[in-house]
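Protein chains in written order, with full-length UniProt numbering: chain A, 1 to 319; chain B, 1 to 215. C-beta: ideal position from N, C-alpha, C; glycine also. Data first, discussion second: the structure below is written as structure tokens.
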């Protein structure tokens, strides 16, 4: 006959207590609202503020806790936010990457921790890391702007392109879409192509220095609306606002007003609210058990120009 | 006593010799020299060739898709009855948003030959056949044949539209533009892009896939 020794009984009781405690913690976590981290590349641009705030607010409407993290266009800071989100027990990340390549590692960290990541607006160059990527169809939007640009410049003249962040896929999708049209017209001559990192002040400085070398340009295509406003400011200061046509991309509030006032010719209307709400809805579907998300979900971009600006409001509709 | 320094030197020489041979072996096995043009050719093989892809689907899949399309007058009637159900039933779209692409066909009489387009009277509607700005994704997306998630690189996916449009601009448009004149009867198959929320049915703009003049 075998008898339990007292030490064995104590061990068994301790083990049972630990198991019970773990189970209790788990059930407590299940009872708590899901936590969603909204990690956004920069809050220095009103477009991203709308994206981040809509994502967070909609997550709260869906019953989650939501916190916004600003990566300040810095991949290292973005890494800190991911590590923070993982260690703080966040259940999903709604993510606007800073860099198509540099952000992949961060998404993989979350994937390893079994936290779903839903990319918003900007793409990462990997299709096996994020749960889904909800992306503006920047290429198609800039094809439309390219056509309008060619028509307005009457197929000839010197022009300038101001690019966004070199490491962001949207920068190149927009540029490629635009050039897929404009490069078919040999009398349209691009005299300068410079990046201004999607930043209004940098774009103003870039435009000022370009104007000193090329005072006879007819058009400027900018990779976002902030840069378009910066370029326009430089043109006003140089007394060339009437001579040069400015084209942007985003659908930001001040540019829609500027199109109405005929200061800016056109922009590509993206739908940050639609993108953000879709990402939060996907997080809900994930929590409810869905796993078969499309890797890339394009969101259409619509051109807003002199002829149709009265039909649009800033940042598109909320639907 | 006098031989000891010589022996030490010999030992050192042997050690250095072995070291040099070992380094040479490691170095030789670490470096692989290949002609640059051969390496570039290998890289080229992994680049997606959009033109070859478009050429490959042109005669079968694409032609078949564009033969099976909605008559443009019927589509306009359908829009006048119910916009949402017409979009649901007839349009192709890649993702989320207001824009849909439709495959259409029709026949009309040329009412004007303009610098960038040709206008056709089709029933009671004026239809604009685009002959200059053949750009964008209308032909690719209206076909319903190509899916974005089949392409790891979105740039490859976009290059399909460019190759498709290039072929239309090079093969379909020049012969049409050189012959077409007012009063001609023209049959067309093509694609249109429409916005569900900002729908404008006045002078629909068709990106042509085929154009046929019968005077």
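CA-CA distance, residue 182/A to residue 97/A, rounds to 29 Å. In the structure shown, the three-state DSSP call for residue 125/B is strand.
With fewer than 16 other Cβ atoms from the protein chains shown falling within 10 Å of its own Cβ, residue 200/B counts as exposed. With contacts defined as CB atoms closer than 8 Å, residue 142/B and residue 102/B qualify as a contacting pair.
When the Cα atoms are used, residue 311/A and residue 302/A turn out to be separated by approximately 11 Å. Neighbours of residue 164/A in chain B, taken as residues at a C-beta separation under 7 Å, are lacking, since the least C-beta distance is about 16 Å. For the 8 Å CB-CB criterion, residue 241/A and residue 211/A do not form a contact.
When 8 Å is used as the limit between beta carbons, residue 147/A is near these residues of chain B: 133, 135, 136, in chain order.
Within 10 angstroms of the beta-carbon of residue 60/B lie fewer than 16 other beta-carbons, which makes it exposed.
Judged by their CB atoms, residue 82/A and residue 104/A are not nearer to each other than the 8 Å cut-off. For the C-beta of residue 193/A, not a single chain B residue is nearer than 9 Å; the gap to the nearest is close to 18 Å. Following the DSSP letters along the chain, one finds residue 145/A inside the alpha helix (DSSP H) bounded by residues 138 to 152. Rounded to whole angstroms, the gap between the alpha carbons of residue 169/B and residue 134/B is 7 Å. Taken atom to atom, the span from the alpha-carbon of residue 297/A to that of residue 154/B is near 11 Å.
Classified as exposed, residue 112/A has fewer than 16 neighbouring CB atoms from the shown chains inside 10 Å of its CB. The beta-carbon distance between residue 183/B and residue 109/B, rounded to whole angstroms, is 7 Å. This is short enough to meet the 8 Å contact definition.
When the alpha-carbon of residue 217/A is set against those of 266/A, 121/A, 193/A, the nearest one is in 193/A.
The beta carbon of residue 48/B lies closer than 6 Å to those of 156 in the same chain, with the five residues before and after it left out. Residue pairing by DSSP places residue 112/B opposite 119/B in a beta bridge. Ranked by Cα distance from residue 196/B, the options 78/B, 97/B, 67/B, 213/B are led by 97/B. The beta-carbon of residue 27/B is placed no less than 8 Å from the nearest beta-carbon of chain A. Taking the Cα positions, residue 233/A is about 39 Å away from residue 281/A.
Taking the C-beta atoms as reference points, residue 86/A is found nearer than 8 Å to residue 115/A. Sixteen is the threshold: when 16 or more other Cβ atoms of the shown chains lie within 10 Å of the Cβ of residue 277/A, as they do, the residue is buried. Distance from the Cα of residue 120/A is smallest, within the candidate group 136/A, 126/A, 128/A, 141/A, for 136/A. Taking 8 Å as the CB threshold, residue 95/B lines the interface with chain A. Going by C-alpha positions, residue 6/B is about 59 Å away from residue 76/A. Comparing alpha-carbon positions, the option among 95/A, 106/A, 166/A lying closest to residue 279/A turns out to be 95/A. Classified as exposed, residue 24/B has fewer than 16 neighbouring CB atoms from the shown chains inside 10 Å of its CB. Judged by DSSP in its simplified three-state form, residue 159/B adopts helix. Cβ contact annotation for residue 69/B (same chain, cutoff 7 Å, sequence separation greater than five): 103, 104, 105, 189, in chain order. By the CB criterion at 8 Å, residue 252/A and residue 46/A fall inside the cutoff.
Counting along the chain, residue 185/B sits inside the beta strand (DSSP E) bounded by residues 185 to 195.
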